[in-house]
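Per the working numbering, residue 10 is the first one in the sequence shown, and the count goes up by one each step.
Glycine is no exception: its CB is placed at the ideal position from the N, C-alpha and C atoms.
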Amino acid sequence: MFVLAELKDTVRISPDQFNLKLLEAVRDEINRKLANKVLLNVGLCIALKDVVSLKDSFILPGDGASHTEVVFRYIVFRPPVGNVLTALQHPSRFDETERAWVWEYPLDDGGKHDLFMDIGEPIKFRVSREIFEESSPIGPPKNETLQPGTSAQGCTSAAQQTNEARTPYKIIAAINESGLGVLSWWDQQQQAEETNNEEEAEENNVDYDNDENGEGAYEE
10 MFVLAELKDT VRISPDQFNL KLLEAVRDEI NRKLANKVLL NVGLCIALKD
60 VVSLKDSFIL PGDGASHTEV VFRYIVFRPP VGNVLTALQH PSRFDETERA
110 WVWEYPLDDG GKHDLFMDIG EPIKFRVSRE IFEESSPIGP PKNETLQPGT
160 SAQGCTSAAQ QTNEARTPYK IIAAINESGL GVLSWWDQQQ QAEETNNEEE
210 AEENNVDYDN DENGEGAYEE
């Protein structure tokens with residue numbers, strides 16, 4: 010679920026951070042830049058693990074900040090496809106009376122049995138696939154031209170809203186399998202099966218005694 014990704018970047022350190030040690034300033038800047046961000050085809054960045062190497066720093070003309078090429082390892086959230094995690098079933102509906110989602114569990118006879126998903130209940134789900142989407146496209150959106158009476162600033166605002174609404178990383182998962190879904194569903198089923206097994210064992214329990222002649226006798 011969590012993987013280490015080795016990345017390389019040129020880190021800019023502003024002059025107001027020159028009082029810090031280079032490694033400390035680089036770590037702070039990398040976390041500020043990447044934490045809780047999605048990298049295309051990499052995953053959701055969580056936290057910096059360590060810095061592998063630092064190259065010589067340099068200052069660009071007209072810029073008082075230092076620039077350092079850094080190789081580092083970052084903790085990334087990217088669950089493998091097919092992995093089962095603890096996290097709405099299909100088909101499902103919202104029950105207004107109970108104020109909870111309900112999975113319409115299909116029965117063998119064609120009927121349905123309602124399994125309630127209460128708020129806060131942990132769920133197991135299987136990762137089916139993942140979708141990465143570029144969230145910072147370069148250039149104007151396609152099929153967008155200036156209309157009479159429309160300013161370029163208005164088009165830019167609309168493009169920014171479209172870009173903000175786009176989700177950069179999606180995980181498609183399924184919980185409509187045996188053993189997946191709300192954990193309490195299967196705990197109850199397991200407890201019921203164990204109770205039935207205990208009752209059957211008690212019914213089949215036989216106590217053997219010996220009579221005076223040493224011949225075996227039994228009592229049910």
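Is there contact here, the segment 45-53 with the segment 102-120, by at least three beta-carbon pairs under 8 Å?
no
Stretch pair the segment 184-197 + the segment 112-132: three plus CB contacts closer than 8 Å:
yes
From the DSSP output, in three-state form, read off residue 117 for me.
Assigned with DSSP and collapsed to three states, residue 117 falls in coil, not helix or strand.
For chain D, is any of its Cβ atoms less than 8 Å away from the one on residue 177?
Included in the structure is just one protein chain, with no chain D present.
Any contact of the segment 120-128 with the segment 18-31, i.e. 3+ C-beta pairs under 8 Å?
no
Could you give the DSSP three-state label for residue 42: helix, strand or coil?
Looking at residue 42 - three-state DSSP - the assignment turns out to be helix.
Since I believe residue 55 is in contact with residue 22 (beta carbons under 8 Å), could you give me their beta-carbon distance rounded to a whole number of angstroms?
With 8 Å as the limit, residue 22 and residue 55 do not qualify as a contact, their Cβ atoms being about 23 Å apart.
CA-CA distance, residue 179 and residue 92?
Approximately 15 Å between the Cα atoms of the pair.
Taking only the alpha-carbon atoms, compute the straight-line gap between residue 37 and residue 82 and give it to the nearest angstrom.
14 Å
Run through the DSSP bridge pairs and tell me what residue 180 is partnered with.
139
Cα separation between residue 12 and residue 65?
Cα to Cα, the separation comes out at about 28 Å.
Can you give the Cα-Cα distance for residue 113 and residue 60, rounded to whole angstroms?
50 Å
DSSP-derived helix/strand/coil call for residue 74:
coil
Distance, Cα to Cα, residue 39 vs residue 136?
29 Å
May I have the straight-line CA-CA distance separating residue 176 from residue 67, to the nearest angstrom?
Between residue 176 and residue 67, the C-alpha separation is close to 36 Å.
Leaving out five residues before and five after residue 10 in sequence, what residues of the same chain have Cβ atoms less than 6 Å from its Cβ?
Taken in chain order, the residues that qualify are 88.
For residue 33 versus residue 80, is the C-beta distance shorter than 8 Å?
no
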